[in-house]
């Protein structure tokens with residue numbers, strides 16, 4: 008079955024301000040919005056991920072090629088409808104720790120790659136603006152577009168962190184990495200997930216719905 012995809016760049020003016028972070032101190036939600044407000048769950052209660060039979064390393068330069076010619080869309084916040092029984096899919100990026108730094112050992116499920124990451128994420132679900140599936144020469148991958156504020160933080164982080172990896176977790180399951188090999192100014196993080204290609208559209212749909220729910224919660228809080 009061929010996977011269909013559409014790379015979309017969001018118009019972030021539709022979103023309320025997201026929580027801010029210190030790059031070394033993790034992330035926090037916007038004032039008045041708690042993770043409990045969107046019913047966060049761990050993988051066993053949420054999206055069940057099957058492993059793919061092969062793992063492809065991240066292709067350098069993917070983000071710019073995959074997003075060329077994208078058009079704007081403001082439909083995510085306003086038209087995404089939460090289905091009955093919806094379970095949030097919480098995406099977080101952790102930075103690979105350097106030798107001597109405090110680290111938590113993680114392992115990717117199919118490739119068995121082991122690495123140590125900082126205990127707190129550098130980007131959380133509150134920093135995700137959009138997600139899409141993209142097809143490139145090496146196959147299908149997940150493209151994560153950060154919000155404008157998080158995009159600026161990513162640029163500041165990526166300059167001194169070249170050579171290190173961003174490790175993506177979905178509902179606390181570590182499923183893919185992106186090696187930082189340049190200053191990342193566009194806010195796009197491409198990741199090959201260790202899941203079957205046919206699961207990618209469902210993952211993207213859940214990420215969009217989760218982002219929309221967080222945006223609605225933040226907007227509701229701001230209007231109080």
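Residue numbers (the working numbering): 8 to 231. Ideal placement from N, C-alpha and C gives every residue a C-beta, glycine not left out. Small disclaimer: the values here were computed from a predicted structure and weren't measured.
Task: Contacts around residue 114, its chain only, beta-carbon distance under 6 angstroms, and the 5 residues preceding and following it disregarded - done: Working through the chain shown from its first residue, we reach residue 114 at position 107. Excluding residues within five positions, the ones whose Cβ falls inside 6 angstroms are 121.
Open item on the list: The alpha helix (DSSP H) that contains residue 209, what's its start and end?
Closed with: Locating residue 209 in the chain shown gives position 202, where the first residue counts as 1. Per DSSP, residue 209 belongs to the alpha helix (DSSP H) from 207-229.
Task: Boundaries of the alpha helix (DSSP H) in which residue 165 is found, first to last residue - done: In the chain shown, counting from the first residue as 1, residue 165 sits at position 158. 155-165 is the extent of the alpha helix (DSSP H) around residue 165.
Task: Rounded straight-line distance, which links the Cα of residue 111 to that of residue 131 - done: As a position in the chain shown, residue 131 is number 124, starting the count at 1. As a position in the chain shown, residue 111 is number 104, starting the count at 1. Using only the alpha carbons, I get a separation of about 17 angstroms.
Task: Own chain residues within Cβ distance below 7 angstroms of residue 231, not counting five before or after - done: As a working note, residue 231 is residue 224 in the chain shown. Result list for residue 231: empty, nothing under 7 angstroms.
Task: Helix, strand or coil at residue 103 according to DSSP, with G and I counted as helix - done: Residue numbering aside, residue 103 sits at position 96 when the chain shown is read from its first letter. Residue state, collapsed to three classes: strand.
Open item on the list: In chain order, what are the residue ranges of uninterrupted beta strand (DSSP E) at least 3 long that sit wholly in the region 173-200?
Closed with: 180-186 and 195-198
- [ ] Pair every Cβ in the region 159-167 with every Cβ in the region 135-146, then say whether three or more of these pairs are closer than 8 angstroms.
- [x] no
TODO: Taking the CB atoms as reference points, tell me whether residue 117 and residue 201 lie closer together than 8 angstroms.
DONE: Start at 1 with the first residue of the chain shown, and residue 117 comes out as number 110. Start at 1 with the first residue of the chain shown, and residue 201 comes out as number 194. For residue 117 and residue 201, yes; Cβs fall inside 8 angstroms.
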